[in-house]
Structures are given as C-alpha cells and as structure tokens.
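See below for the structure under consideration.
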Amino acid sequence: MSSDNQIAQEALTFADLGLSPKVLSAVTDAGYTVPTPIQLGAIPHALQGKDVLGIAQTGTGKTASFVLPMLTRLEKGRARARMPRTLILEPTRELAAQVEENFIKYGKNHKLNIALLIGGVSFDEQEKKLERGADVLIATPGRLLDHRERGKLLLNGVEILVIDEADRMLDMGFIPDIERICEMIPFTRQTLFFSATMPPEITKLTEQFLHAPVRVEVSRAASSSTNITQRLVKSGPKPWDKRETLRNLINAEADGLKNAIIFCNRKVEVAELFRSLVKYDFDAGALHGDMDQRARMQMLSNFRDGKLKLLVASDVAARGLDIPEVSHVFNYDVPIHAEDYVHRIGRTGRAGRLGKAFTIVTKSDVKYVDAIERLTGLKIEWHDGDLSTVVASESEDDAPRRGRGAGAPRRSGRKDEGERKPRGERRPRSAAEPKPADEKAQHQPELRSEPVIADNDERPARREAIKTENAERKTRPERADQPRGDRQERPRREDRNARQRQEDNDGTVGFGDDMPAFMRVAGKV
DNA sequence: AAAAAAG
Numbered sequence: 001m002s003s004d005n006q007i008a009q010e011a012l013t014f015a016d017l018g019l020s021p022k023v024l025s026a027v028t029d030a031g032y033t034v035p036t037p038i039q040l041g042a043i044p045h046a047l048q049g050k051d052v053l054g055i056a057q058t059g060t061g062k063t064a065s066f067v068l069p070m071l072t073r074l075e076k077g078r079a080r081a082r083m084p085r086t087l088i089l090e091p092t093r094e095l096a097a098q099v100e101e102n103f104i105k106y107g108k109n110h111k112l113n114i115a116l117l118i119g120g121v122s123f124d125e126q127e128k129k130l131e132r133g134a135d136v137l138i139a140t141p142g143r144l145l146d147h148r149e150r151g152k153l154l155l156n157g158v159e160i161l162v163i164d165e166a167d168r169m170l171d172m173g174f175i176p177d178i179e180r181i182c183e184m185i186p187f188t189r190q191t192l193f194f195s196a197t198m199p200p201e202i203t204k205l206t207e208q209f210l211h212a213p214v215r216v217e218v219s220r221a222a223s224s225s226t227n228i229t230q231r232l233v234k235s236g237p238k239p240w241d242k243r244e245t246l247r248n249l250i251n252a253e254a255d256g257l258k259n260a261i262i263f264c265n266r267k268v269e270v271a272e273l274f275r276s277l278v279k280y281d282f283d284a285g286a287l288h289g290d291m292d293q294r295a296r297m298q299m300l301s302n303f304r305d306g307k308l309k310l311l312v313a314s315d316v317a318a319r320g321l322d323i324p325e326v327s328h329v330f331n332y333d334v335p336i337h338a339e340d341y342v343h344r345i346g347r348t349g350r351a352g353r354l355g356k357a358f359t360i361v362t363k364s365d366v367k368y369v370d371a372i373e374r375l376t377g378l379k380i381e382w383h384d385g386d387l388s389t390v391v392a393s394e395s396e397d398d399a400p401r402r403g404r405g406a407g408a409p410r411r412s413g414r415k416d417e418g419e420r421k422p423r424g425e426r427r428p429r430s431a432a433e434p435k436p437a438d439e440k441a442q443h444q445p446e447l448r449s450e451p452v453i454a455d456n457d458e459r460p461a462r463r464e465a466i467k468t469e470n471a472e473r474k475t476r477p478e479r480a481d482q483p484r485g486d487r488q489e490r491p492r493r494e495d496r497n498a499r500q501r502q503e504d505n506d507g508t509v510g511f512g513d514d515m516p517a518f519m520r521v522a523g524k525v
C-alpha cells in the first residue's frame with residue numbers, strides 16, 4: 001500500500017504509467033493528461049499482470065483504469081474463433097454498452113474485435129462476432145451463459161477477467177452466475193475486480209477468485225461528496241401533488257438546470273411521470289428496464305448528447321452510468337433502500353462539478369429519509385420548509401383540507417377517485433385556498449436557500465435549441481419494432497387546455513400522437 | 001412498496 005502511494009506521487013501523467021504509445025495517443029486525443037487516483041493506483045499493477053481489487057465508485061475513472069491496461073496488454077497476440085481473450089462482466093446492459101464505448105474510444109489505434117453480449121437484442125450479430133474471434137468480450141451474465149450453453153463460446157482462452165460493479169451484481173442476485181463463469185476461466189488468468197462497497201459476500205468472492213490482489217481503494221467521491229447540494233422537498237402524498245411539486249421545482253431551478261435525471265421507484269411511475277411531464281411540455285424522456293432495448297439505448301444517448309433535458313428513470317440508471325454534467329438529480333420517490341439514494345445522487349456532481357439533488361418527500365417517506373440520513377451520516381436540509389408546513393391534511397385519500405374545527409363538508413361520492421382521472425392533473429383543491437390564519441406563519445418558506453449560479457443570459461437561446469432538436473427527434477419512427485399492441489386501449493386526450501401551462505415554455509414539444517408505444521406499456525396494469 | 005437480468 002505504501003508502494004501505491006509512491007506511484008501515485010511520482011507518476012503524475014498517463015505517460016508515466018507504462019501504457020503503450022497507441023493507448024497513450026488515444027488518451028491524449030480524448031483530452032486526458034492527468035490520471036485519477038484509481039487509475040494511478042490500478043494501471044501499473046494491471047499492466048504487470050497482477051490481480052487488482054479496486055474499491056471505487058463510478059465517476060472516479062474506474063472504467064479507464066481497466067480499459068487502458070487491457071488495451072496495452074492485448075497488443076500482443078490474436079484472438080481465436082469463439083475464444084475471447086478477455087471478458088468484462090457488467091450488471092446492466094447500459095453499463096456494458098458504456099464499457100464498449102470506452103474500448104472503442106481508447107482502442108481507436110488498435111485493430112481489436114469487440115463483442116458486446118447483452119440481452120434484449122438478437123443473437124445473430126453477437127454470434128458472428130464471437131465466431132470472428134473477440135479480443136474483448138463485454139457481457140451481462142445472462143446472455144453470456146446463454147451463448148455458452150449454445151456452444152458458441154469457449155471461455156478457456158480468457159487471459160483477463162474483469163468483474164465490474166460487484167456489489168451491484170450481488171444486489172441483483174448474479175453472484176451464482178459470476179461464480180459459475182469464474183470457474184469456466186483458467187486459473188492462470190488475471191482478474192480485475194471492482195466494487196463500490198465490500199459487503200461480506202463480496203469479500204468472500206474476492207478471496208475465492210483473486211490471487212494476491214493489489215488492493216486499490218479511493219475515497220468515495222459520490223457518497224459524501226460536498227459538491228452535491230442536497231435538499232428535501234415537502235410534498236402532498238398524491239401523485240398529482242408530487243407531480244406538481246416536481247414541476248414547480250424544475251421551474252424554480254430552471255436557471256442552473258442543464259439537465260436532470262428524475263428517479264422513480266417503479267417502472268409504472270416512470271411511464272406515468274414521463275407522460276405527465278410531456279403533457280406539460282417539458283423536454284423529457286424515459287428509461288426503464290421494460291422498455292425495448294433499442295429505445296433504452298436511444299434515450300440514453302439522446303440524454304447524454306444533450307438532446308434531452310429531463311430523463312425520467314428507474315434505478316436502472318441509478319448506478320454506474322457515466323453521464324458527465326448532469327446538473328440535477330430529482331428523486332420523485334424516496335428510494336426504499338438507502339444505498340440507492342447514494343447511487344442516484346451520484347449521477348450529478350461528477351468529476352468535481354457542482355450538482356444538486358432534490359428529494360421529494362411525503363409524510364409516509366419520512367422513515368426512508370431517516371434511513372438515508374443514518375447511512376450517510378448527514379442531515380439533509382429542507383428546501384423550503386419541512387413537512388409540518390405542508391398542508392396539515394393528507395389522511396390517505398380524502399380530506400380536501402382539514403380545516404380545523406368543523407370540517408369542510410366532504411364532497412360526497414368522492415371516497416375513492418374511481419371516477420376521477422388522475423391523469424387529468426386536477427388538483428383536489430385550489431392552490432390559492434388560504435390556510436387557517438394560525439398556520440400561516442409556518443407557511444412561509446425559510447428564506448435561506450442556496451445561491452444559484454446565474455447564467456440565465458444564455459438560457460433562452462439554449463432552450464430554443466433544445467426544442468428544435470427535440471422536434472427532430474420525435475419524427476423518428478420509434479415504434480416500428482414495438483411488439484405490444486395496447487396503444488389503442490388508452491383514450492387519447494389531445495385537447496389540452498391552454499391554462500395547463502402558464503409557463504413560458506409553451507413551445508409545444510413532446511410526443512403527442514407521436515409518442516412511441518413503449519412509453520405507454522409500463523403504465524398498464 | 002422495487003429494479004435489474006435470459007426468454
């Protein structure tokens with residue numbers, strides 16, 4: 001460990017790490033000169049053929065810390081048919097694709113065959129690539145094993161094995177698969193193993209499959225990072241309350257909001273919230289695991305390229321995805337598992353940038369917030385007053401407003417909202433309805449919110465640009481390969497009331513009738 | 001109270 005430190009102190013640029021000229025030139029072309037701590041710690045050892053145990057979050061430069069030495073080592077030798085020379089295991093399809101992009105970027109001076117084996121796409125092309133002999137094989141476990149069972153893949157030629165995001169593999173129940181795969185690969189391989197955390201199961205795995213690993217640990221940037229401003233935002237409990245809270249928040253943050261990921265706990269909510277935001281003319285897209293794979297990729301790349309401002313997503317997007325310059329994370333739902341919170345907000349404030357993370361909290365979420373604060377050891381401030389200042393009402397579903405004393409007469413027959421259209425975004429009460437006088441004081445927001453970086457002079461132009469791009473995007477024939485045919489079941493309501501939007505962003509983007517079918521799918525029950 | 005990954 002002292003040797004790591006020495007290397008870290010002496011080697012200050014990529015040129016000092018022992019990478020090949022081809023790799024170095026690609027790194028330089030990509031605009032990088034100074035390695036991150038994980039790269040400094042891992043690359044020299046990886047080049048020497050040692051096993052590495054890297055404990056690091058994404059956003060720390062972890063991917064390059066195995067891609068670059070692998071490329072250097074791959075310069076000697078050739079792949080044989082169906083016998084890949086290296087294997088990288090990733091927990092999600094998006095992460096796998098992201099690693100492939102890294103190999104393409106940094107391997108541009110090499111002639112390497114790269115194969116990406118992930119589910120949701122056809123086998124044919126993947127098999128062709130295997131047949132041709134893959135230098136680099138990047139895979140999610142399920143599809144990899146599938147190929148192997150079909151006899152299209154032999155793993156006994158693998159020289160380097162990378163297991164990435166091991167703790168997430170654990171969460172997702174992949175460990176048995178990982179063990180199986182590890183056992184198929186020769187003992188003589190080099191193993192590079194990465195995990196953000198080291199729960200006991202993972203430690204056991206490393207003891208089982210790593211040989212005298214060099215341990216490289218970098219301080220967790222994301223979890224305790226001070227460059228992310230975190231706030232809790234009070235909200236009423238109903239979907240329309242939360243959606244309104246979110247809209248208000250997005251509008252209030254408009255000046256500093258370059259782009260944002262909005263996390264929901266469930267796929268259904270992703271689809272619903274997405275539809276709602278589009279209806280309100282926000283530049284939004286959606287991403288969750290039930291979407292067609294092509295659409296997932298498309299959404300992600302649009303968001304990454306800045307063609308899409310808001311990405312409504314499930315936790316498929318919570319970990320690992322490397323999207324630089326996400327300015328905001330909104331937790332539309334408080335994550336049930338506290339660790340997920342850390343991963344979600346880690347999508348912003350990356351690479352030393354400033355980020356903001358807002359979490360919408362209803363009364364019933366308080367216990368989850370407590371768990372998050374316990375985990376992170378931080379008390380998260382309220383954005384504009386805590387829940388005691390929100391409408392004191394919200395017993396389950398009725399109670400338009402529990403004015404104290406003689407309650408306002410309930411509207412009869414409104415016990416369940418069966419006949420109401422939740423999609424209509426109607427609010428059960430008027431926003432202008434005054435609070436009882438004795439509660440007014442509490443209603444004042446604490447005027448101590450953080451300063452916002454002012455760059456509003458460029459904003460309108462930027463918005464226009466985004467709208468234009470969005471309009472282009474929606475003309476893509478996205479639904480061509482959509483298998484499910486339940487679009488017509490849902491009555492369309494295209495008669496928008498003009499009063500729905502008194503905001504300035506009435507440029508009418510959104511999908512309207514062009515909304516791709518996959519967006520609707522998850523909303524079905 | 002979930003999501004993800006094989007189909």
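Reminder that position 286 of the first sequence reads as 286 in my numbering, one-by-one numbering, no gaps. Heads up, the beta-carbon is just placed ideally off N, CA and C, and yes, glycines get one too. The structure presented is a predicted model; accordingly, all values stated were derived computationally and were not measured.
Beta-carbon proximity list for residue i, same chain, < 7 Å, skipping 5 on both sides
i: alanine 318; result: Phe263, Asp340, His343, Arg344
i: leucine 153; result: Arg82, Leu130, His147
i: aspartate 167; result: Ser195, Ala196, Thr197, Pro199, Ile202
i: alanine 79; result: Arg85, Asn113, Gly133, Ala134, Asp135
i: valine 121; result: Gln293
i: leucine 300; result: Glu94, Leu287
8 Å Cβ cutoff met for residue i and residue j
i: lysine 363; j: leucine 387; result: yes
i: valine 216; j: alanine 42; result: yes
i: isoleucine 114; j: arginine 93; result: no
i: arginine 347; j: valine 369; result: no
i: asparagine 102; j: threonine 63; result: yes
i: glycine 18; j: leucine 47; result: yes
i: glutamate 201; j: isoleucine 181; result: no
i: serine 327; j: lysine 307; result: no
i: threonine 60; j: threonine 33; result: no
i: aspartate 526; j: threonine 191; result: For the chain, the structure presents residues 1 to 525; residue 526 sits outside this window and is missing.
i: leucine 74; j: glutamate 100; result: no
i: isoleucine 261; j: alanine 313; result: yes
i: alanine 56; j: valine 218; result: yes
Euclidean distance between Cα positions of residue i and residue j
i: arginine 231; j: histidine 288; result: 25 Å
i: aspartate 384; j: serine 195; result: 36 Å
i: valine 278; j: lysine 309; result: 12 Å
i: proline 237; j: valine 361; result: 8 Å
i: leucine 71; j: arginine 189; result: 16 Å
i: histidine 110; j: lysine 22; result: 7 Å
i: aspartate 283; j: arginine 304; result: 14 Å
i: arginine 243; j: phenylalanine 274; result: 10 Å
i: proline 91; j: lysine 379; result: 31 Å
i: glutamine 208; j: proline 44; result: 23 Å
i: aspartate 365; j: tryptophan 382; result: 14 Å
i: leucine 53; j: lysine 234; result: 41 Å
i: arginine 266; j: glutamate 127; result: 34 Å
i: leucine 205; j: leucine 170; result: 10 Å
i: glutamate 352; j: proline 324; result: First, the amino acid is wrong: residue 352 is glycine here, not glutamate. Rounded to whole angstroms, glycine 352 to proline 324 spans 10 Å at the Cα level.
i: glycine 49; j: leucine 321; result: 28 Å
i: proline 37; j: asparagine 248; result: 39 Å
i: isoleucine 104; j: valine 67; result: 10 Å
i: proline 69; j: serine 20; result: 9 Å
i: threonine 245; j: phenylalanine 358; result: 11 Å
i: isoleucine 336; j: aspartate 315; result: 11 Å
i: glycine 349; j: arginine 150; result: 43 Å
i: leucine 210; j: isoleucine 138; result: 20 Å
i: glutamate 272; j: glycine 142; result: 29 Å
i: aspartate 290; j: proline 239; result: 21 Å
Neighbourhood of residue i by C-beta, 6 Å cutoff - its chain only, sequence neighbours within 5 removed
i: isoleucine 372; result: Ala338, Tyr341
i: proline 186; result: Asn156
i: serine 276; result: Arg243
Distance between beta carbons of residue j and residue i, contact taken as under 8 Å
i: tyrosine 106; j: valine 162; result: About 14 Å separates the two Cβ atoms, so there is no contact after all.
i: aspartate 135; j: threonine 86; result: 7 Å
i: valine 528; j: alanine 286; result: There is no way to answer for residue 528, as the model of the chain reaches only from 1 to 525.
i: methionine 297; j: alanine 97; result: 7 Å
i: leucine 89; j: aspartate 16; result: Not really, about 30 Å apart at Cβ, beyond 8 Å.
i: leucine 145; j: aspartate 124; result: About 18 Å separates the two Cβ atoms, so there is no contact after all.
8 Å CB neighbourhood of residue i in its chain, flanking five on each side removed
i: isoleucine 453; result: Interpretation of isoleucine 453 is limited by its pLDDT of 26, a score under 50 that renders its predicted location unreliable; the figure taken from the coordinates is listed afterwards. Here the set comprises Asp255, Gly256, Leu354.
i: serine 25; result: Asn109
Give the list of continuous beta strand (DSSP E) stretches no shorter than 3 residues that lie fully inside the region 135–221. 136–139, 160–163, 190–195, 214–217
Ignoring anything shorter than 3 residues, give me the beta strand (DSSP E) runs that lie fully in the region 262–302, in order along the chain. 284–287
Which runs of the alpha helix (DSSP H) fall wholly inside the region 44–113 and span at least 4 residues, in chain order? 62–74, 93–106
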